[in-house]
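Number of protein chains: 2
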Amino acid sequence: MTRNTVDDDGLARLLAGAGSALSVGALDALIAGVVAAPQGVDDAAWMTLVAPDPGDALRAALGDRLDAAYAAFGDGAADRPPPAERLVELRAELARRELAGFVVPRADPHHSEDLPRGAERLAWLTGFSGSAGVAIVLAERAAVFVDGRYTLQVRSQVDGAAFEYRHLIDQPPHDWVARNLEPGDRLGYDPWLHTPDGLARYRAACKKAGAELAACDDNPIDAVWRDQPPPPLAPVVAHEPRFAGASAADKRALVAEALTEAGAGACVLSTPDSLAWLLNLRGGDVPYSPFPLGFVVADETGRVELFIDRRKLAPELGRHLGNDVAVRDPAELGDALDALAAAGKPVLADPSSTSAWVFDRVEAAGGEMLRAADPCALPKARKNRAELDGSRVAHRRDGASLTRFLCWFAETAPGGELTELDAAGHLDALRAENEHFRGLSFPTIAGAGPNGAIVHYHASAATNRRIEPGSLFLVDSGGQYLDATTDVTRTIAVGAPSDEQRRHFTAVLKGHIAIATTRFPAGTSGSQLDALARHALWQMGLDYDHGTGHGVGSYLGVHEGPQRISKAPNTVALEPGMIVSNEPGYYKTGAYGIRIENLVCVVEALDIEGAERPMLGFETLTRAPIDRNLIDAAQLTEAETAWLDAYHVDVREALTPLVDAETAAWLADVTRPLAEGS
Amino acid sequence: MTRNTVDDDGLARLLAGAGSALSVGALDALIAGVVAAPQGVDDAAWMTLVAPDPGDALRAALGDRLDAAYAAFGDGAADRPPPAERLVELRAELARRELAGFVVPRADPHHSEDLPRGAERLAWLTGFSGSAGVAIVLAERAAVFVDGRYTLQVRSQVDGAAFEYRHLIDQPPHDWVARNLEPGDRLGYDPWLHTPDGLARYRAACKKAGAELAACDDNPIDAVWRDQPPPPLAPVVAHEPRFAGASAADKRALVAEALTEAGAGACVLSTPDSLAWLLNLRGGDVPYSPFPLGFVVADETGRVELFIDRRKLAPELGRHLGNDVAVRDPAELGDALDALAAAGKPVLADPSSTSAWVFDRVEAAGGEMLRAADPCALPKARKNRAELDGSRVAHRRDGASLTRFLCWFAETAPGGELTELDAAGHLDALRAENEHFRGLSFPTIAGAGPNGAIVHYHASAATNRRIEPGSLFLVDSGGQYLDATTDVTRTIAVGAPSDEQRRHFTAVLKGHIAIATTRFPAGTSGSQLDALARHALWQMGLDYDHGTGHGVGSYLGVHEGPQRISKAPNTVALEPGMIVSNEPGYYKTGAYGIRIENLVCVVEALDIEGAERPMLGFETLTRAPIDRNLIDAAQLTEAETAWLDAYHVDVREALTPLVDAETAAWLADVTRPLAEGS
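Chains as they are written, first to last, in this note's numbering: chain A, 854 to 1531; chain B, 854 to 1531.
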């Protein structure tokens, strides 16, 4: 595309003309931050950060400037080891600092799942791009630690001559540290990238080796990463009341009450979903989740200090935030913590999601830290009526897109020419047409045949597979909408499935139905329910190596705590309004993967005759047909069959008005009662 | 009964003649210890502690002396508040020690469930005889804290004018402490009666109040409890290899290996079941469990120091213990800990079952404590082949006794004259006839009608109820045998049950069968399985407020860790050989209680075609019929009915050879296939 180019003087004039306070230099700095954020659905939204109403000429000039910046930025880490000089330069930097080694976790100061580009230090250094891992660099040796999901990937991305490959769980980094450090060694770490819980084991390992764990004031990698992207600057906007369902003032009052009850004067919130929820803000600093990065200090009176780069606040946001929210520079967080310490009341922070830096700073200033759960976590998890209504509506839109895709797939796939990337691309495009669509909630997983058995598979040009007749196709996808976050998995038979595939699919379905239909007493946690989803598989000697359900945000993270349904012990009770996924699966390595995932929300079960206790159950939110061709009806009980048939009636009634005639006809066919056969 | 009496001189001559080293004074001290222990099945066994072969004359004289001691001892706490002077005298003692208050837990230095008489300080002071509770005595106020099981009982046993009644969980003692102490107050505690885990909350509460938590060198109650029984002296004997299945030397080697792996030089074992298991010893110092009280220090070389009163060691026990086990006086434990501290290697102890005194002593001597699970716990829980074979055989004997009882009950109860105490007495007498019987494993629970709904009910003269036609009768009982510990519950309809009773019983049975038949992958914990037992009840809006299963020892405690099946999170995997109870229930307050309990052991499930993982399941050990009259066959699936019918065939085949003809005929009738109707 050709654009007019404007020189710096012309640009300065355009800026001034639009009433922007920015110089050209400041604009370039802003653009560097915009480029450091993922691209959103509206690629001109950032321009309101330059001027509330830029006008056409300035818009064009800004677009050019952004394109140029993107072009210079390049495409990030490719799928091969990075230049070996990086490790050499880091070691030289460590030597300058008299450090025997340095810990490189995949983390940023906000401890959520997705990182901004400039925080991808592990990927920059090692090439490893997985979602969890850590490297440790010593003068003579270095190792990269990843879990079972990534044992193959790490070998293709990381140079084995530079880094030993280790298993994150079975050969944990702290053991390696204890064995490889010498007495007197200093092992450096960035206190912004570790929680106190996480550091304790490194500290013990250093002690064992007679070494010392040393906090670095600034990260040595940043000193050698020359083109490190700056912090991202995606526009921060208000989350509308009709979607949020509760005012930020009410939420601040709730947190204030929790602080008073805990005997704390204030709390520090580091996770962007807590920030976003508390202040009814949304942003775009990381991929797939509408998170604005920043820090919050909320106090027992309901007042809040928001530490965030002002440049990314949308116009008029001050009015939304109101008088009780003070916006401060992130660099001032330390001073604010010193002031809290001096005020004398304990400062609450969640030790599982707050950097050690915060604890160290408050305690060094003589303050007392109160280690407790993030006070936003539970109220955020309990969706209010507006959020639940929004989710129901959004799930119909989202289900209609998926059903249009499934209809198209049923017609197209048997031809045998379709690839995983084709399929994912088509689905993503359909979803993007939806009202309130703001992006995908995670990269679409489209796994054909054996790729479906790789639980965290993402198709790439290198792995892209044709979808073959006789195979199973697993598609796990979701969207971010202003009114909800979705996440749904369907497994589809391409052509006639084998008896074994039907037997396995039906066992997974039985687990899915067990969760969908169970009633349980108030106070029950998700880990208590997990076995219900696995029971049918267990009786066949099968299982799956992932959780049964994760919490899901409301136009927030697709993975959200504190509730979950999993084998791992969890004492958080499921409460009305909580949304979780219901996604049992089965994976036959080298052959196929099966997963059936709906989102469900916890509801009161008021209809049980003779009930003696307050009982809860699940309402299924997701609307999309489940492949009848893969069901062995003989394996289902009457009650299970009744659930499936009723679910299909719901799906048909909800989606028929939202899809084209061809899809509607297909949907009517695939949602017939099970007794009617294929 | 009349006996010859012998004067002290005559007794001295008899002692000398039998080769006893005891003086008459020492004999009386020994007898005081024997009286402080519960009476065992062999009331003359203690005499071997006087002389290996006392001879008839000395036996008679010893019997007289014991009877006289029992007569002087009285019957312990009656079911009413103790004299108010006790509290007055304790407060005077606290004032003398400049203590503002004192914590009185129900605990002894061994932190197991049953206490020796002299450790029942809570009962002595308050009158409360339940299995869990704590009192706190301040100068002006005092409170007793009990959980939901005991809210009625505490009111009948404890004087409300002297003690406030509080709920142990909802109104915890540390909160009360924080509210009621004044700045500068010193709250005393006995460091032998608290674990470090338990103390932390008292310490925080004192800090909150500006007060101090002060360890007492000796317990202030002991200073005012004039007739406090001395430590018990029940004979300690070897547990025969044919029952133990593994030598003490092998077990010591196992523990030594665990210590080496943990990097510890030694461990301190306080719980009597670990002591008994490790050294293949059994004793009788507390009711219902064959526990010898003492302490063990085991080291990384396999050597053991056993801190125990030598007077209670049976003759020849030295040979059983061997050269690697040194017997030392319990008073020398402190010196031994000092020596461990000086040796420099970490000392392992389980912070959930070891007194704070041990941790304090080692740390005061400059040693390092390693807080970790008792290294005996898991190997003790994994029963070996001899223990499992013993359990299978013992369960047939035990089931035969219970079945004889059930036959007698079926004939007798409809008359309407039988009481709970009659029934329990008859069952206990039948069980006592068995080979290898060493006592009950807990007081028999016999609950008629509404008493069956009181989960921890024990019939007394005051509560004893007639068993009425139309009611349900719940009987939970078990035995200690040389080859096993048993625990079984049956619920029986007296006359024709109501539809509701059948519906509830069948829901409980479905839960019982779900556990009995489930398969699960290796690595699964009991808390993951718990919901399977509750699922049928949950769907009816019902539940039960106790765990589904507890571990059971092998001629050891009827409650044993670390595995259990319960709602409470527990990460201990179920492993082959572990024995747990399977005891779902349902309780309708004021009407009836239902519980169906069998013991099961974890076994490998090798028979699953197509299994992809190592799978486990349960083998049911208990043999006794389940009341067919209470089953609504229409509620059961085909698979559930098949399990019940097959179980009844097993029961019939196992027990018919062991019971009288009348019982055999009755058993044949009540174990017919369900399809044949009542």
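Where a beta carbon is used, it is the ideal one built from N, C-alpha and C, also for glycine.
Values in this document were obtained by computation on a predicted structure and should not be read as measured data.
Next item on the list: Quick one: give me the first and last residue of the beta strand (DSSP E) that residue 1447/B is part of.
Entry: 1445–1448
Next item on the list: Using the DSSP secondary-structure output, state which residues sit across from residue 1169/A in a beta bridge.
Entry: Residue 1169/A is not bridged to any residue.
Next item on the list: Can you tell me the Cβ-Cβ gap for residue 1373/B and residue 1469/B, rounded? I've got them flagged as a contact below 8 Å.
Entry: 6 Å
Next item on the list: Taking residue 1317/B as part of the alpha helix (DSSP H), name the residues at either end of that continuous run.
Entry: Here residue 1317/B belongs to no alpha helix (DSSP H), and DSSP marks it neither H nor E.
Check: What separation, rounded to the nearest whole angstrom, lies between the Cα atoms of residue 1179/B and residue 1186/B?
Finding: 12 Å
Next item on the list: Please confirm if residue 1022/A has its CB atom under 8 Å from at least one CB of chain B.
Entry: no
Check: With a CB to CB cut of under 6 Å and the five nearest residues on each side skipped, what residues in its chain are close to residue 868/B?
Finding: Sequence-distant Cβ neighbours of residue 868/B in its own chain, meaning closer than 6 Å and more than five residues away, are 875.
Next item on the list: Find out if the Cβ-Cβ distance for the pair residue 850/B, residue 1150/B is shorter than 8 Å.
Entry: Examination of residue 850/B is not possible in this model, given that chain B is present from 854 through 1531 alone.
Next item on the list: Can you tell me which of the three DSSP states residue 1024/A falls into?
Entry: Coil.
Next item on the list: Could you check if residue 1309/A is buried or exposed, using at least 16 other CB atoms within 10 Å of its CB as the buried criterion?
Entry: exposed
Item checked: 8 Å contact criterion, which residue 1385/A and residue 1328/A should meet: CB distance rounded -> Contact flag wrong, Cβ pair sits at about 25 Å.
Margin query: By alpha-carbon positions, which one of 1383/A, 1321/A, 1053/A and 1190/A ends up nearest to residue 1030/A?
Written below: 1053/A
Note to self: Among 1488/A, 1454/A and 1117/A, whose alpha-carbon lies nearest the alpha-carbon of residue 1358/A?
What the structure shows: 1488/A
Check: When the Cα atoms are used, what is the spatial distance from residue 1146/A to residue 1125/A?
Finding: Approximately 5 Å between the Cα atoms of the pair.
Check: Would a check of beta-carbon distances place residue 1383/A closer than 8 Å to chain B?
Finding: yes
Notebook entry, point to check: If residue 1426/B and residue 1378/B are in contact, beta carbons under 8 Å, what's the gap, nearest whole angstrom?
Noted result: So it is a contact: roughly 6 Å between Cβ atoms.
Next item on the list: Could you confirm whether any beta carbon from chain A is found closer than 8 Å to the beta carbon of residue 1396/B?
Entry: yes
Next item on the list: Kindly list, in the order they appear in chain B, the residues whose Cβ is closer than 7 Å to that of residue 1373/A.
Entry: 1391
Checklist line | Start-to-end residues for the alpha helix (DSSP H) that takes in residue 1010/B | finding: In this chain, the alpha helix (DSSP H) harbouring residue 1010/B covers 1004–1010.
Margin query: As a quick exercise: from 1302/A, 1334/A, 1306/A and 1035/A, pick the residue whose alpha carbon is nearest that of residue 1320/A.
Written below: 1302/A
Notebook entry, point to check: Span of the beta strand (DSSP E) holding residue 1041/B?
Noted result: 1039–1042
Margin query: Shorter than 7 Å, the distance from the beta carbon of residue 949/A to the closest heavy atom of the ligand SAM, or not?
Written below: You won't find the ligand SAM in this model; it holds no ligand whatsoever.
Check: Which first and last residues belong to the beta strand (DSSP E) in which residue 1365/B is found?
Finding: Unbroken run through residue 1365/B is the alpha helix (DSSP H), 1352–1370; no beta strand (DSSP E).
Next item on the list: Using three-state DSSP, classify residue 1116/B as helix, strand or coil.
Entry: coil
Next item on the list: Run down chain B in chain order and give the residues with a C-beta less than 8 Å from the C-beta of residue 1461/A.
Entry: 1392, 1393 and 1394
Next item on the list: Please say whether residue 1408/B and residue 1092/B have beta carbons closer to each other than 8 Å?
Entry: yes
Checklist line | Minimum length 4: unbroken alpha helix (DSSP H) runs contained in the segment 1244–1299 of chain B | finding: 1273–1285
Next item on the list: Alpha carbon to alpha carbon, how far is residue 1270/B from residue 865/B? Give it in angstroms, no decimals.
Entry: Taking the straight line joining both Cα atoms gives about 53 Å.
Notebook entry, point to check: Between the Cα of residue 952/B and the Cα atoms of 1325/B, 1112/B, 1042/B and 1142/B, which residue gives the shortest distance?
Noted result: 1042/B
Checklist line | Rounded separation between residue 1020/A and residue 1081/A - CA only | finding: 28 Å
Item checked: Close beta carbons around residue 1242/A, own chain, < 7 Å, minus the five adjacent residues each side -> none
Checklist line | Cα-Cα separation between residue 995/A and residue 1017/A, rounded to whole angstroms | finding: 6 Å
Note to self: Between residue 1228/A and chain B, is any beta-carbon pair separated by less than 8 Å?
What the structure shows: no
Checklist line | Boundaries of the alpha helix (DSSP H) in which residue 1075/A is found, first to last residue | finding: 1073–1077
Margin query: At a CB distance below 7 Å, what residues from the segment 1463–1486 of chain A approach chain B? Give them in sequence order.
Written below: 1463, 1464, 1465, 1466 and 1468
Next item on the list: Tell me, please, whether the CB atom of residue 1403/B is closer than 8 Å to any CB atom in chain A?
Entry: no
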